[in-house]
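For what it's worth, full-length UniProt numbering labels the leading residue of the sequence shown as 1, then goes sequentially.
Notes follow the structure.
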Amino acid sequence: MGHVLSNGLELIGTGTNIWKDKNLEQSIENMVKMVEKDSSITDRERKHAAAIQAWSQGFVVKALDTWEEILTLHPTDVTALKFAHDSYFYLGYQDQMRDSIARVLPHWNDTVPLYGFLHGMYAFGLVETNFYNKAEKHARQARRQLLRLGGSQKLHRSFTEALQKLYRSFTEALQKLYRSFTEALKFM
1 MGHVLSNGLE LIGTGTNIWK DKNLEQSIEN MVKMVEKDSS ITDRERKHAA
51 AIQAWSQGFV VKALDTWEEI LTLHPTDVTA LKFAHDSYFY LGYQDQMRDS
101 IARVLPHWND TVPLYGFLHG MYAFGLVETN FYNKAEKHAR QARRQLLRLG
151 GSQKLHRSFT EALQKLYRSF TEALQKLYRS FTEALKFM
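Right under this line is the structure:
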C-alpha cells in the first residue's frame with residue numbers, strides 16, 4: 001500500500017502525470033510489477049494499484065469505479081475515499097463527490113479514526129451541491145470531532161472551507177435579495 005499511497009498522492013495531489021514525469025511512470029510500472037509478483041497482496045490492494053494505474057493513464061472514471069467497488073466492501077477505506085473524493089472534484093462531479101461520502105457515512109462512527117475528516121469531506125460535497133443547512137451541520141460536526149480528539153483546527157481544512165463557502169453563498173444571496181428589493185422599491 002505504500003506504493004499506492006505514494007503514487008496516488010503524487011498523481012492526484014500534484015497534478016503531474018506519467019507523460020511529464022518519467023520517474024512517476026517508472027514508479028507506477030514498478031508498483032504494477034510488484035503487485036503481479038507478490039501473492040501476499042490482498043484483492044483490495046490489487047484494486048488500489050489498478051485504480052492508480054488507470055488514473056495515471058487518463059482513465060479517471062475507471063479508477064473511480066474501482067475505488068467505489070472497494071468502498072462497497074470496505075466503507076472505511078480512507079485511501080479509496082480520499083482518492084475518489086478528490087477525483088470527483090477534479091472532474092467536476094459534485095453530486096458523485098457528495099454521494100460517495102453519503103454512502104459510507106452510515107458505516108462510520110466516532111470510534112473510527114478520521115470520522116471528523118469524513119464529516120468535513122461530506123460538508124464540502126454538500127456545499128458544492130447547495131445543501132447549505134446540512135453542510136453547516138456536518139462542518140460543525142467535523143470541527144467538534146477533530147477538536148475532541150485534540151487536533152487543531154488546521155488539522156483538516158474541508159470543514160472550514162465548507163463553512164467559508166456556505167457563508168459566502170449566504171452573503172451573495174442576501175446581497176442579490178437586497179438589490180432586487182431596492183430595485184422593486186425604486187420601481188414603485
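Don't be surprised by glycine CBs; every beta carbon is placed ideally from N, CA and C.
Sequence-distant residues of its chain with Cβ nearer than 8 Å to residue i (five each side left out)
i: residue 30; result: 3
i: residue 1; result: 45, 48 and 79
Anticipated Cβ contact below 8 Å, residue i with residue j, distance rounded
i: residue 100; j: residue 88; result: 6 Å
i: residue 18; j: residue 28; result: 6 Å
i: residue 147; j: residue 138; result: Wrong, their Cβ atoms sit about 15 Å apart, outside the cutoff.
i: residue 202; j: residue 97; result: The chain is shown from 1 up to 188; residue 202 falls before or after that span and cannot be answered.
Where residue i falls, given that 16 or more other Cβ within 10 Å makes a residue buried
i: residue 145; result: buried
i: residue 102; result: exposed
i: residue 58; result: exposed
i: residue 92; result: exposed
Backbone CA spacing between residue i and residue j [nearest angstrom]
i: residue 10; j: residue 67; result: 17 Å
i: residue 23; j: residue 32; result: 14 Å
i: residue 77; j: residue 71; result: 6 Å
i: residue 112; j: residue 56; result: 30 Å
i: residue 25; j: residue 133; result: 43 Å
i: residue 6; j: residue 15; result: 14 Å
i: residue 122; j: residue 65; result: 19 Å
i: residue 39; j: residue 21; result: 29 Å
Cβ neighbours of residue i in the same chain (closer than 6 Å, five flanking residues each side left out)
i: residue 8; result: 52 and 83
i: residue 35; result: 41, 46 and 49
i: residue 54; result: 62 and 63
Contacting residues, own chain, Cβ-Cβ under 7 Å from residue i (five flanking each side not counted)
i: residue 69; result: 47
i: residue 95; result: 129
C-beta contact flag for residue i and residue j at 9 Å
i: residue 104; j: residue 81; result: yes
i: residue 142; j: residue 118; result: yes
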